[in-house]
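Here's the structure, in structure tokens; my notes come after.
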Amino acid sequence: MNHIINAVIVLFTLGIFIMDLLLPLGVAAGTPYGLVVMVTLWSGTYLATYLVTIAGVVLTIIGFFLSPATVSAMHAVLINRALAIVIIVATAIMVIQRKKADQKISFLGTQTLTDTLTKLRNRRAFNATLPVEIERAKRYGRSLSLAMIDLDHFKLVNDTFGHEEGDLTLKSFAYELSSNTRQSDYIFRLGGDEFAIIFTESDLTQATASCEKIRRIHELLAVQIGDSKTTLSIGLTTLRNDDDIHSLAKRADDALYHAKNHGRNRVSISEDDLPIVESRQIAKG
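Taking the working numbering, the leading residue of the sequence shown gets 4, the next gets one more, and so forth.
Written out as structure tokens, the structure reads:
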């Protein structure tokens, strides 16, 4: 897209300059360069705006010397050229200010959806992303699975080593998740030591394998605190046709509580999904 915009900018600039060379002095032919500066709003970079502004000013001055004989008093010609330069520069200032404002809005939008500690997506992002992915999966008949993850005995890290060590543990785990999931999967920190993963185009078997991989890797890296370790409890479920964000998340949460209440350090599949697993096991047998 930027290549097309840059080509348009170059063609417009050359066209205006040629027009300026064909028109007699007294015609403010440099003014249209301001329109070219406006086009750089869509270029995405400041450099294009700076270059077009400089080119417009320089070509306006060159046009003064190369255009045909004047049809107006020389002072009127000079005023027209000066006003053209002022318009070009003023337009450039407005374009740059608009780009700065757009960048700030984009940054703030990203910040509201990002967890400040781990740099993962936050709960607000989760609530916005899950309905979209559910709808996409249903529309195209794709699989979708959801995992809720909790660090076992994480409170002991804060109580024993302090909150700074607890923060480092969370950031380290966020890196583990990012390193052991696909780019197409969505990872979230929902709050505290609770995380979630949306496995796009993954059925229960595929998502279970991914969760087991994450659990095993973390078990090797888990923090040891007395007789306890910061292992993982994971609750997993898969999308059904009648699901919405609430029913899908509730099944994953229920599976997580089952994992926490049955020894921790395990992946628990929602009880509602067990018939799916059992039917596949029978089919394989």
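Think of the CB as a built atom: it goes at the ideal place given N, C-alpha and C, for glycine as much as any other residue.
Neighbourhood of Arg145 by C-beta distance below 6 Å, restricted to the same chain and skipping five residues each side: The beta carbon of Arg145 sits closer than 6 Å to the beta carbons of Glu204 from its chain, once the five residues preceding and following it are set aside; these are given in chain order.
Enclosing beta strand (DSSP E) for Thr117 [first to last residue]: Per DSSP, Thr117 lies in no beta strand (DSSP E) and is assigned neither H nor E.
Collapsed DSSP secondary structure at Leu242 in the structure displayed: Residue state, collapsed to three classes: coil.
Option in Asp23, Leu171, Ile201, Ala255 with minimal Cα separation from Ala308: Within the shown structure, residues of the chain are numbered from 4 to 288, placing residue 308 beyond reach of any answer.
Assigned exposure category for His221 - 16 Cβ within 10 Å defines buried: Note on His221: 16 or more other CB atoms within 10 angstroms of its CB, so buried under the neighbour-count rule.
Cβ-Cβ distance between Thr115 and Leu123 below 9 Å: No, the pair does not count as a contact, with Cβ atoms beyond the cut-off.
Nearest-angstrom beta carbon gap, Gly33 and Ile108 [assumed within contact, 8 Å]: About 33 Å separates the two Cβ atoms, so there is no contact after all.
Which of helix, strand or coil DSSP assigns to Val13: Reduced to three states, the DSSP call for Val13 is helix.
Boundaries (first-last residue) of the beta strand (DSSP E) holding Thr203: Per DSSP, Thr203 belongs to the beta strand (DSSP E) from 197-203.
Residue(s) in a DSSP beta bridge with Ala150: Ala150 is bridged to Ile200, Leu239.
Where the beta strand (DSSP E) through Ser175 begins and ends: It is not in any beta strand (DSSP E) - Ser175 instead sits in the alpha helix (DSSP H) that spans 166-182.
Leu207 in three-state terms, based on DSSP: Note: Leu207 maps to helix in three-state DSSP.
Buried or exposed (CB count within 10 angstroms, at least 16 for buried), Lys287: Bear in mind that the predicted position of Lys287 carries a pLDDT of just 42, short of 50, making it unreliable; the figure below should be weighed with that in mind. So Lys287 ends up on the exposed side.
Whether Thr121 touches Lys174 by CB criterion (9 Å): Yes, the Cβ-Cβ distance between Thr121 and Lys174 is below 9 Å.
Proximity test, Asp246 beta-carbon vs the ligand GDP heavy atom, cut-off 8 Å: No copy of the ligand GDP appears in this structure; indeed no ligand is present at all.
Backbone CA spacing between Ala140 and Ser236 [nearest angstrom]: Here the alpha carbons of Ser236 and Ala140 stand approximately 26 Å from one another.
As assigned by DSSP and simplified to three states, the class of Leu223: Here Leu223 sits in helix by DSSP.
Neighbour-count burial assignment, Tyr143, 16 or more Cβ in a 10 Å radius: When all chains shown are included, Tyr143 counts as exposed.
Ala199 versus Asn244 - alpha carbon distance: Distance between the alpha carbons of Ala199 and Asn244: 21 Å.
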